[in-house]
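Asker: In this text, residue positions in the sequence shown follow our numbering: the first is 2, and each later residue adds one.
The structure follows.
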Amino acid sequence: GIKPKANRMWYNWVLERELYPNWKHLVDDLENSGINVGLYVNPCIDEIPPHLRSGRRYIFGEAEDNGYFIKDPNTKQVYNFGTESAHCGVVDMTNQDAVNWFKETIIQNEMLGRA
Numbered sequence: 002g003i004k005p006k007a008n009r010m011w012y013n014w015v016l017e018r019e020l021y022p023n024w025k026h027l028v029d030d031l032e033n034s035g036i037n038v039g040l041y042v043n044p045c046i047d048e049i050p051p052h053l054r055s056g057r058r059y060i061f062g063e064a065e066d067n068g069y070f071i072k073d074p075n076t077k078q079v080y081n082f083g084t085e086s087a088h089c090g091v092v093d094m095t096n097q098d099a100v101n102w103f104k105e106t107i108i109q110n111e112m113l114g115r116a
């Protein structure tokens, strides 16, 4: 989704129904016009501020709770690939459980399941 008053998107991989209320209709219209819809994904997941989590799936929390992020070897905390004000974890693709969760949760359910 889009960060309010910012110039980049959230990497939370959850369809923003407020921004795309007719997503399925849009995809169907494009495909009926011969246009294929492409999706992009990477293993980065942004931590969404608490005031924006209401009613939304909290992917960062799921990954953190299950130990799927790369961790700082010194602190054993999720390594922040973002900024001081925008925390971003990266899914550890050397962890097979994390890979399976990512494929099922992000790709299959949130992306392909919504498109």
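Note that beta-carbon positions come from the ideal geometry of N, C-alpha and C, so glycine has one too.
Using only CA atoms, which one of 56, 46, 15, 19 lies nearest to residue 93?
Answerer: For the residues 56, 46, 15, 19, the minimum Cα distance to residue 93 belongs to 46.
Asker: Could you tell me how far apart the beta carbons of residue 13 and residue 49 are, in whole angstroms, since I believe they sit closer than 8 Å?
Answerer: So it is a contact: roughly 6 Å between Cβ atoms.
Asker: Could you tell me which uninterrupted beta strand (DSSP E) segments, each at least 3 residues in length, are contained entirely in the stretch 75-105, listed from first to last along the chain?
Answerer: Complete beta strand (DSSP E) runs here, min 3: 89-91.
Asker: Measure the Cβ-Cβ separation of residue 38 and residue 112 and say whether it is below 8 Å.
Answerer: Not in contact: residue 38 and residue 112 (Cβ atoms no closer than 8 Å).
Asker: How many Å lie between residue 61 and residue 33 at the Cα?
Answerer: One C-alpha to the other measures close to 35 Å.
Asker: Taking a contact to mean a Cβ-Cβ separation below 8 Å, would you say residue 15 touches residue 44 in this structure?
Answerer: No, the Cβ-Cβ distance between residue 15 and residue 44 is not below 8 Å.
Asker: Which of the three DSSP states is assigned to residue 46 in this structure?
Answerer: Residue state, collapsed to three classes: strand.
Asker: Output the boundary residues of the alpha helix (DSSP H) element that contains residue 33.
Answerer: Note, residue 33: alpha helix (DSSP H), 24-33.
Asker: Could you check where the alpha helix (DSSP H) with residue 61 kicks off and where it finishes?
Answerer: 60-66 is the extent of the alpha helix (DSSP H) around residue 61.
Asker: Only counting the same chain, and skipping five residues up and downstream in sequence, which positions put a Cβ closer than 7 Å to that of residue 99?
Answerer: Same-chain partners within the cutoff: 69, 92, 93.
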